[in-house]
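Chemist:
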Amino acid sequence: MATGLKIKTAAELRTSYLRQEMFPTIFCDGCGLGNVLNYTLWAIDEVGLDLDRTVFVSGIGCSSRLPGYIDADGLHTTHGRALAFASGIRAANPELTVIVFTGDGDGAGIGGNHLLHTIRRNMDMTVILVNNFTYGMTGGQAAPTTPDGGFSSTTPYGNIEHPLDICELAKALGAPYVARWPVVSPAQPVKSIAEGIRKRGFALIEMLTPCPTAYGRRNGLKEIEQIWRWYREHTVLLDEWEWVEQFGSPEEREALRGKMKIGVFQDTERETFEERWAALVAREKL
Amino acid sequence: MHTIQIEERWCKGCALCVIYCPTRALQVAARFSPRGVHPPELARAERCNGCRLCELLCPDFAITVTEEGRVHA
Amino acid sequence: MSTHRELIRRALGPRVQFVQGDDACAYGAVLAGCTFFAGYPITPATEVAERMAEILPRIGGCYIQMEDEIASMGALIGASWTGAKVMTSTSGPGFSLMQENLGYAIMTETPCVVVNVQRSGPSTGQPTMGAYGDMMQARWGTHGDHEIIMLCPASVQEALEMTIVAFNLSERLRTPVLVFIDGELGHMRERLVIPNDDEFELVERPRATDRATYRPFAPGPDLVPPFAPFGSGFRTFVTGLTHNEDGLPRASSAAIHDQLVRRLAAKITNHLDLITRYEEFYADDCEIAIVAYGITARTCRDVVEEARRRGIKAGLLRLISIWPFPEHIVARWAERVRAMLVPEMNLGQIVHPIREAVAGRCVVAPYARIGGELHSPAELLEALEGLQWQPA
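Taken in sequence, the protein lines are chains A, B and C. Just so it is clear: in the first sequence, position 111 is 109 by the numbering used here, and no numbers are missing. Count along the second sequence from 1, add 29, and you get the number used in the numbering used here. Count along the third sequence from 1, add 1200, and you get the number used in the numbering used here.
(1) Nearest chain A C-beta to residue 42(B) closer than 8 Å, yes or no?
(2) Counting C-beta neighbours from all protein chains within 10 Å, is the total for residue 282(A) 16 or more, i.e. buried, or is it exposed?
(3) Using only the alpha-carbon positions, how far apart do residue 1453(C) and residue 1373(C) sit?
(4) Quick check: is the beta carbon of residue 1375(C) nearer than 8 Å to any beta carbon in chain A?
(5) Should residue 190(A) go down as buried or exposed, given a rule of 16 or more other Cβ atoms within 10 Å for buried?
(6) Given this structure, state the Cα-to-Cα distance separating residue 0(A) from residue 41(A), to the nearest angstrom.
(7) Please classify residue 1267(C): is it buried, with 16 or more other beta-carbons within 10 angstroms of its beta-carbon, or exposed?
(8) At the level of alpha carbons, what is the spacing between residue 69(B) and residue 38(A)?
(9) Counting only runs that start and end within the stretch 1276 to 1317 of chain C, where is the alpha helix (DSSP H) found for 4 or more residues in a row?
(10) At what residue ranges does the stretch 160 to 203 of chain A contain a whole run of the beta strand (DSSP E), taking only runs of 3 or more?
(11) Out of curiosity, what's the CA-to-CA distance linking residue 1478(C) and residue 1518(C)?
(12) Along chain A, which residues have their Cβ under 7 Å away from the Cβ of residue 84(B)?
(13) Select from 1218(C), 1461(C), 1491(C) and 1226(C) the residue whose C-alpha is nearest the C-alpha of residue 1566(C).
(14) Do we get a CB-CB distance below 8 Å when we pair residue 233(A) with the residues of chain B?
(15) Whose CA, out of 64(A), 62(A), 55(A) and 59(A), lies closest to the CA of residue 1279(C)?
(16) Pick from 1390(C), 1580(C), 1547(C) and 1542(C): whose alpha carbon is nearest that of residue 1219(C)?
(17) On the three-pair Cβ rule with 8 Å, is the stretch 1244 to 1255 of chain C touching the stretch 47 to 66 of chain A?
(18) Residues of chain A with CB closer than 8 Å to the CB of residue 48(B), please, in chain order.
(19) Taking three-plus beta-carbon pairs below 8 Å as touching, is the stretch 1301 to 1308 of chain C in contact with the stretch 1270 to 1289 of chain C?
(20) Could you give the uninterrupted runs of the beta strand (DSSP E) lying entirely in the stretch 1545 to 1588 of chain C, keeping only those of 3 residues or more?
(21) In the DSSP assignment, the alpha helix (DSSP H) including residue 1378(C) goes from what residue to what residue?
(22) Is the separation between the beta-carbon of residue 74(A) and that of residue 104(A) shorter than 8 Å?
(23) Show which residues of chain C have a CB atom less than 9 Å away from the CB atom of residue 53(A).
(24) Taking beta-carbon pairs under 7 Å, can you tell me which members of the stretch 1235 to 1249 of chain C lie near chain A?
(25) Count the CB pairs spanning the stretch 1339 to 1355 of chain C and the stretch 1520 to 1536 of chain C that are closer than 8 Å, and state whether there are at least three.
(26) Is it buried or exposed, residue 155(A), if we count other Cβ atoms within 10 angstroms and call 16 or more buried?
(27) Taking the continuous beta strand (DSSP E) assigned at residue 1216(C), which residues delimit it?
(28) Please tell me whether residue 1355(C) and residue 1312(C) are closer than 8 Å, where the distance is taken between their beta carbons.
(29) Measuring straight from C-alpha to C-alpha, what distance separates residue 1525(C) and residue 1549(C)?
(30) Leaving aside the five residues before and after residue 1286(C) along the sequence, list all residues of the same chain whose C-beta is less than 6 Å from its C-beta, in chain order.
(31) Pick from 1225(C), 1342(C), 1335(C) and 1283(C): whose alpha carbon is nearest that of residue 1553(C)?
(32) DSSP three-state call for residue 1443(C): helix, strand or coil?
(33) Run through DSSP, which three-state label would residue 102(B) get?
(34) So which residues of chain A does residue 61(B) contact, with C-beta pairs closer than 9 Å?
(35) Could you list the residues in the stretch 1259 to 1275 of chain C with a C-beta less than 9 Å from some C-beta on chain A, going in chain order?
(36) If you draw a straight line from the C-alpha of residue 93(A) to the C-alpha of residue 1411(C), how long is it?
Put into structure tokens, the structure is as follows:
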């Protein structure tokens, strides 16, 4: 596994991968979705994906707009259901590579049940889940990942619900590849997305992404430099987290609260639905 | 010597390129683009070493670094 | 090495069988070339899924049991976009869940077949009892302006035949097609003759051939766009948002929305000649008509014959395609009869478009029966006799 990234230019990516007539994007200035798109293109270039044989699937939300910007087959579906549509594509034609873009609400709120079962079946796909702690497209309502006390248009007095840790859920469900990275450091997301694409089975890469307009603005995170610093200061690498929990002082452990774990949560092997179905057909076909 | 090209129809003036340019070669222009935002400009071209971090961080694929007048395409 | 058609024949078994309506739907799908089924168990449709689960692996297809009916519909659409012929089956509560994605299939012109083995509702209702309470939901269940094709077979044999027809219409017009039976028809057993390949037509969706001039949602002369499956290099963007002929979202454009939605509707209504199906008994010499569909129409055959024996000039118009509603056929009957008896296993649903088509030319008398029991011939005969005394 190469650790160096081949340098690509924006001009190269533009001409090779983008549906340029769709630009400029609908994303706000300061939105992390453009970064996610950029890193994804780096990753698919790294892997050498054939875009004639790749389908991008999404649900509804700002992150679900991403497939429209890529010059490839795209399926922009209904809210929360991207994984179901993607499963149909994979089951019917396992030769196609499927990459799913979804959000925290689309993927783990309304889409929670499909997340559970698609991982359970271990359908072979790469899911890039963009987590901005809110339902951004509709103006910034509370989402399953909105932090404790977070302000949103439907939690004007502060969120009282416990936020969901999507990566812990995916890990518990046995997803062979689970990773979480903030957009503020490019190399790790690019590498993880590439690893996820190469991984046999369900790969989840959760991208912590700023939404200055719908979430940041209400929670004291308006300026992009401030936001990017916030992500750097509030994300802790997994092994560092574990070290602090084991060996850190009470103050250091206390400082972990309000921060998020990042890194590769799980990287294992597991038989996929597609492999098992093919084996079944091989046994039963007349 | 490096120059930059800004696709001003796509640039939203987020200034990530300026903030994270390792050599501070870029700055936010005083003028407005046709979109009504302040695009970046290569104020100190001699400092630009062609690292392309601005290209990597631009959410809008709006900035292209060219080396000695050639665009890498 | 067997061909797919040979595999199908071997998987289906003997030419003549004694099976349930649900089984017949599954057999019809397989004969039509269906290779993908995504579904969820629900009484009284579960047997369709079970049959497909047995048959599909044996012919190299795919059966996937999804976590709910919403996911079933989603998986169906995803699979259809790889070029496969696809089907699901459900009943009322599941059909309700499928509405959003059904609308998505309409908007994205995705061929698929949905079988609804209706049960008594609303809500959980009477799971094992037949009813025809979803007839209007078939038409308007999903939001927004749209047309839908729905077929209503009345026998186990017809369930197989109409499922094949459903696939053909779905492929030809690139639209979802509904096959509606009910718990009675779904679970009763009748003699089924499995047709040979030369006894029915098989239609494939129109294919895009030229990458250079390909525009995914630019309609052909019959308003149906050419289809390019995912992975063929045509790079199609499919969205449920209002889109232009290149498939790109244009949700803010009134003009594009108007054009798109009207074309999708006209795509169906321009092809009534392909869709409209019905059966007539004593059409030329009828004063009191029964207009019926589904299993109710079976009872009405008997009623009409008995009425004739008693000197009543009765006739039967059996509707097979319900949506788009065959108003011209009903209107034609309305010209000639004094009254129409409309027995339905619901509190009156298809009686409304019937009344609209009749436009006051004759009396329309609904006869509702709910609770899961069929109308008895005796009660319908009595109703028919009652209508005799309507003024001409």
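Note that the Cβ used here is the ideal one computed from N, Cα and C, for glycine as well. For clarity, every value in this text was computed on a predicted model and none was experimentally measured.
Modeler: The short version:
(1) yes
(2) exposed
(3) 25 Å
(4) no
(5) buried
(6) For residue 0(A), the predicted model reports a pLDDT of 49, less than 50, meaning its position is unreliable; a value from the coordinates is still stated below. Their Cα atoms are separated by approximately 12 Å.
(7) buried
(8) 24 Å
(9) 1292 to 1307
(10) 175 to 180
(11) 6 Å
(12) 7 and 8
(13) 1491(C)
(14) no
(15) 55(A)
(16) 1390(C)
(17) no
(18) 222, 223 and 226
(19) yes
(20) 1563 to 1568
(21) Careful: residue 1378(C) lies outside any alpha helix (DSSP H), inside the beta strand (DSSP E) at 1376 to 1382.
(22) no
(23) 1278, 1281, 1282, 1430 and 1431
(24) 1236 and 1238
(25) yes
(26) exposed
(27) 1216 to 1220
(28) no
(29) 12 Å
(30) 1236, 1276, 1279, 1280 and 1312
(31) 1335(C)
(32) strand
(33) Caution applies to residue 102(B), whose pLDDT of 49 falls short of 50 and renders its modelled position unreliable; the model cannot decide the point.
(34) Those within 9 Å of residue 61(B) in chain A number zero; the least Cβ separation is about 14 Å.
(35) 1259, 1260, 1261, 1262, 1263, 1264, 1266, 1267, 1268, 1270, 1271, 1272, 1273, 1274 and 1275
(36) 21 Å
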